[in-house]
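Student:
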Amino acid sequence: RKQKKASTGVEMEAQPANVGRRMAAGVIPLMMIVLFSMESTRRITSMTNASLRSVKSVHETIRLEEDVNVDVNATADESMLQSTNVSDVATADDAVIMTTSNATTDQGWQATEDTPFEVCFVTSVYGSDPSLADRPPDVTQQRKDHPSFRYFAFTNMPTFQPPGWEVLQKNSSQYRRSITKSRWPKFMAWQHPTIQKCQAVFYVDGFCGPRSESLETFRKLAYQIRQSKFGIAQNRHPKRGSAFEEFTRIIRARKDIQENVDASKAWLSQQPDFHNNCTVYENHNIGYDPKNVEYWQRPAQTFWDRYSMELDSWRDQPLWCYVLDKYHIQPIPIGDTNALFREYWGRISRDGHRYSKENDAK
Numbered sequence: 054r055k056q057k058k059a060s061t062g063v064e065m066e067a068q069p070a071n072v073g074r075r076m077a078a079g080v081i082p083l084m085m086i087v088l089f090s091m092e093s094t095r096r097i098t099s100m101t102n103a104s105l106r107s108v109k110s111v112h113e114t115i116r117l118e119e120d121v122n123v124d125v126n127a128t129a130d131e132s133m134l135q136s137t138n139v140s141d142v143a144t145a146d147d148a149v150i151m152t153t154s155n156a157t158t159d160q161g162w163q164a165t166e167d168t169p170f171e172v173c174f175v176t177s178v179y180g181s182d183p184s185l186a187d188r189p190p191d192v193t194q195q196r197k198d199h200p201s202f203r204y205f206a207f208t209n210m211p212t213f214q215p216p217g218w219e220v221l222q223k224n225s226s227q228y229r230r231s232i233t234k235s236r237w238p239k240f241m242a243w244q245h246p247t248i249q250k251c252q253a254v255f256y257v258d259g260f261c262g263p264r265s266e267s268l269e270t271f272r273k274l275a276y277q278i279r280q281s282k283f284g285i286a287q288n289r290h291p292k293r294g295s296a297f298e299e300f301t302r303i304i305r306a307r308k309d310i311q312e313n314v315d316a317s318k319a320w321l322s323q324q325p326d327f328h329n330n331c332t333v334y335e336n337h338n339i340g341y342d343p344k345n346v347e348y349w350q351r352p353a354q355t356f357w358d359r360y361s362m363e364l365d366s367w368r369d370q371p372l373w374c375y376v377l378d379k380y381h382i383q384p385i386p387i388g389d390t391n392a393l394f395r396e397y398w399g400r401i402s403r404d405g406h407r408y409s410k411e412n413d414a415k
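Positions in the sequence shown are counted from 1; adding 53 to them yields our numbering.
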């Protein structure tokens with residue numbers, strides 16, 4: 054019994070140690086799990102905070118970039134137009150952003166006694182027989198849809214009557230070349246009292262016309278032209294280059310003869326203010342304010358004083374390049390001409406606007 058007791062005592066004494074070992078064996082892994090969980094939580098929290106800081110940084114960067122983009126876009130929009138004084142107030146639909154000391158907007162065009170026509174399209178068709186000349190497209194429906202728009206066709210032919218166009222007869226018999234006669238409406242139509250009634254004028258070649266779906270764009274562009282400093286809208290020539298490079302293209306396209314081009318080069322080279330790297334513009338579509346004396350009437354007159362002498366090239370781009378550069382004029386872009394105007398190649402003159410020496414004498 055004593056041994057038993059002793060044995061039992063031993064056993065009873067050993068039992069707590071075994072239990073302690075068992076408990077330790079269970080607690081240690083538990084503590085490790087807890088410690089691991091705490092460390093994981095700390096790391097996750099640290100990562101989360103880092104992620105939040107990263108997101109915040111990205112957000113601030115994006116916001117900064119957006120602010121920069123807004124500033125750039127605003128600057129680009131404002132730089133499209135020159136400084137001007139605007140008295141009218143604009144609606145959201147017809148708003149035209151101007152670079153002015155006080156921002157103003159457009160409420161829409163209002164007819165006045167001096168300017169009863171909102172938008173005017175001017176074309177020019179000269180020749181001996183209407184059936185052989187350019188035939189402008191029918192604009193009757195456009196006039197009905199936009200009563201404040203007017204369409205004027207200058208000509209020397211009494212029987213010339215394109216549908217929808219108001220014909221303005223001007224013979225210009227003092228000029229030898231038919232080409233010279235046809236250029237007068239392009240650059241000098243502002244002298245006609247009827248054209249002076251237009252808020253803005255858009256010149257188009259005789260076989261071209263405005264697209265019906267773009268007339269609202271012309272409405273806004275007319276106001277933009279009228280309010281701009283220079284009062285001219287033209288696109289730069291896609292080929293760019295210099296005035297003399299344009300002469301090279303002219304010869305290649307059979308738009309003039311070599312002796313005329315050589316004469317133009319010689320005269321331009323003699324002008325002390327001529328720069329061959331002047332900006333060449335596309336002249337088949339020009340928008341302008343006919344009442345702008347300083348930046349349209351004066352340069353147009355300067356152009357005509359030389360061009361009408363008929364001593365050199367009958368092409369107008371190089372000479373116009375010189376004139377715009379002379380007066381430091383920077384036209385605003387007229388926009389996508391393919392979207393604004395349509396060329397009716399089936400209505401072009403029989404000669405296809407290709408010229409030879411014969412055209413120099415008639």
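Heads up, the beta-carbon is just placed ideally off N, CA and C, and yes, glycines get one too.
When the Cα atoms are used, what is the spatial distance from S317 to D198?
Tutor: For S317 and D198, the distance between alpha carbons rounds to 45 Å.
Student: May I have the straight-line CA-CA distance separating Y341 from F271, to the nearest angstrom?
Tutor: The alpha-carbon atoms of Y341 and F271 are separated by roughly 12 Å.
Student: What residues match up with S177 in a beta bridge as DSSP calls it?
Tutor: Per DSSP, F207.
Student: Return the residue from the list I382, H328, W367 and V178 that minimises the CA-CA distance to V257.
Tutor: For V257, the nearest C-alpha among the options comes from V178.
Student: Reducing DSSP to helix, strand and coil, say where N224 ends up.
Tutor: DSSP places N224 in coil when its eight states are reduced to three.
Student: Among Y276, C331, R395 and F356, whose alpha-carbon lies nearest the alpha-carbon of V192?
Tutor: If we check each option's Cα against that of V192, R395 comes out closest.
Student: Going straight from the alpha carbon of V333 to that of I385, what length do you get?
Tutor: Their backbone Cα atoms lie some 14 Å apart in a straight line.
Student: May I have a chain-ordered list of the alpha helix (DSSP H) segments no shorter than 4 residues that lie completely inside the stretch 245-309?
Tutor: Correct list: 268-280 and 296-305.
Student: Spatial neighbours of W367 within its chain, please: C-beta separation below 7 Å, excluding the five flanking residues on both sides.
Tutor: Only R230, I232, T233, D309 and N313 meet the Cβ criterion.
Student: How about V172 and A242: are their beta carbons less than 7 Å apart?
Tutor: No. Outside cutoff.
Student: Roughly how many angstroms lie between the CA atoms of T168 and Q249, to the nearest whole one?
Tutor: Cα to Cα, the separation comes out at about 7 Å.
Student: For E266, count neighbouring C-beta atoms within 10 Å of its own C-beta (all shown protein chains included) and say buried if the count is 16 or more, exposed if not.
Tutor: Label assigned to E266: exposed.
Student: Starting from the C-beta of K223, find all residues in its chain whose C-beta is less than 6 Å away, skip the five residues before and the five after it, and write them out in chain order.
Tutor: Closer than 6 Å at Cβ, skipping near neighbours: F207.
Student: Beta-carbon within less than 6 Å of G180's beta-carbon, same chain only, minus the 5 sequence neighbours each way: which residues are those?
Tutor: Correct list, in chain order: A186.
Student: Buried or exposed for T301, please, with buried defined as at least 16 other CB atoms from any protein chain shown within 10 angstroms of its CB.
Tutor: Classification for T301: exposed.
Student: N122: buried (16+ other C-beta within 10 angstroms of its C-beta) or exposed?
Tutor: With a pLDDT of 34 at N122, under the threshold of 50, the predicted position of this residue should be treated as unreliable, though the coordinate-derived value follows. It is exposed - the Cβ of N122 has fewer than 16 other Cβ atoms within 10 Å.
Student: Skipping 5 residues on each side, what residues in its chain have a beta carbon closer than 7 Å to that of V220?
Tutor: Counting only Cβ-Cβ distances below 7 Å, and skipping sequence neighbours, we find A206, T208, F213 and Q214.
Student: When you compare each of P216, L377, P371 and D182 to I304 by their alpha carbons, which one comes out closest?
Tutor: The candidate whose alpha carbon is nearest that of I304 is P371.
Student: Bridge partners for V172 per DSSP, in chain order?
Tutor: The partner list for V172 (beta bridge, DSSP) reads F202.
Student: Which residue's Cα is closest to the Cα of Q244: D378, W349 and T390?
Tutor: Nearest C-alpha to Q244: W349.
Student: Which class does N313 belong to by DSSP, given the choice of helix, strand or coil?
Tutor: It is helical.
Student: Compute the distance between the beta-carbons of K397 and F283, then report whether it is under 7 Å.
Tutor: Per the sequence shown, the amino acid found at residue 397 is Tyr instead of Lys. No, these two residues do not count as a Cβ contact at 7 Å.
Student: Would a C-beta distance cut-off of 7 Å place N329 and S295 closer than the cut-off?
Tutor: Taking 7 Å as the Cβ cut-off, N329 and S295 qualify as a contacting pair.
Student: If contacts are defined as beta-carbon pairs under 8 Å, then P190 and R400 qualify, I think. What distance do you get, rounded to the angstrom?
Tutor: Between R400 and P190 the Cβ distance is about 7 Å, and since that is below 8 Å, they are a contact.
Student: I believe V175 touches V254 by the beta-carbon criterion, under 8 Å. Please report the beta-carbon distance rounded to the nearest angstrom.
Tutor: Yes, V175 and V254 are in contact; Cβ-Cβ is about 5 Å, under 8 Å.
Student: By the DSSP assignment, the alpha helix (DSSP H) with R359 in it spans what residues?
Tutor: Taken as a continuous stretch (DSSP letters only), the alpha helix (DSSP H) holding R359 covers R351 to Y360.
Student: In angstroms, rounded to a whole number, what distance separates the CA positions of S402 and D369?
Tutor: So the alpha carbons of these two residues sit roughly 19 Å apart.
Student: Would you mind sorting Q323 into buried or exposed? The rule is 16 or more other CB atoms within 10 Å of its CB.
Tutor: That one is exposed.
Student: Quick check: what's the CA-CA separation for D326 versus R203?
Tutor: Near 38 Å, if we compare the C-alpha coordinates of R203 and D326.
Student: Does the beta-carbon of K292 have 16 or more other beta-carbons within 10 angstroms, so that it is buried, or is it exposed?
Tutor: By the neighbour-count rule (16 or more Cβ atoms within 10 Å), K292 is not buried but exposed.
Student: Considering only C-alpha positions, which residue in the set C331, S281 and S226 is nearest to R289?
Tutor: R289 has its Cα closest to that of C331, out of C331, S281 and S226.
Student: Sorted by chain position, which residues of the same chain lie with C-beta nearer than 7 Å to H337's C-beta, five sequence neighbours on each side aside?
Tutor: Answer for H337: D258, listed in chain order.
Student: Using only alpha-carbon positions, find the residue among T247, K273 and T165 that is nearest to I387.
Tutor: Taking only the C-alpha atoms, the option nearest I387 is K273.
Student: Would E347 be called buried (16 or more neighbouring beta carbons within 10 Å of its own) or exposed?
Tutor: E347 should be labelled exposed.
Student: Distance, Cα to Cα, L393 vs L268?
Tutor: Looking at the two C-alpha atoms, the distance is approximately 8 Å.
Student: W237 to W357, Cα distance in whole Å?
Tutor: Rounded to the nearest angstrom, the two C-alpha atoms are 8 Å apart.
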